[in-house]
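All residue numbers for the sequence shown refer to this note's numbering, where the first residue is 61 and numbers rise by one.
Every residue, glycine too, gets a C-beta built ideally from N, C-alpha and C.
One structure below.
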Amino acid sequence: MGAKLGGEEPTAAEAAAIINFEGDPCLFPIFSDTKTDDYYATKTEVAWNRSHVRVVRYGNGSVDYSNKVSKYYVRPVRLSKD
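Right under this line is the structure:
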């Protein structure tokens, strides 16, 4: 099976779906290639300030918000149509 390319920036809910609060880091083992000591940006804007987006930190499972101009990692998602 070959690698699938593509995907898009996730919503906060999609990014948080791979958080595993029983693990340390808070990430399922299948995602072991994910850097866990920094935040990942999502495309979910913060309702009270459109210049901010939700960010997820997989090291401790936190979901927060930050300014859109800040630099973060992005873990793309691809929705399956199967």
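Paired residues, beta bridge with residue i - DSSP
i: Tyr125; result: Arg114
i: Ile79; result: Leu87
i: Ala73; result: Its beta-bridge partners do not exist; DSSP assigns none.
For residue j and residue i, the rounded distance between their alpha carbons
i: Tyr125; j: Val116; result: 8 Å
Inter-residue CB distance, residue i and residue j (contact presumed, cutoff 8 Å)
i: Val113; j: Thr102; result: 6 Å
i: Ala72; j: Val123; result: 6 Å
i: Cys86; j: Tyr118; result: 6 Å
i: Gly67; j: Pro136; result: 3 Å
Closer than 8 Å to chain B by CB, residue i
i: Ile90; result: Absent here is chain B; the protein component of the structure consists of one chain.
Nonlocal neighbours in the same chain, by C-beta distance under 6 Å from residue i, ignoring five residues either side
i: Glu69; result: Lys103 and Val134
Residues of its chain near residue i, where Cβ-Cβ distance is below 7 Å and the 5 sequence neighbours each way are ignored
i: Ser111; result: Asn127 and Lys128
Contacting residues, own chain, Cβ-Cβ under 8 Å from residue i (five flanking each side not counted)
i: Val106; result: His112, Val113, Arg114 and Tyr125
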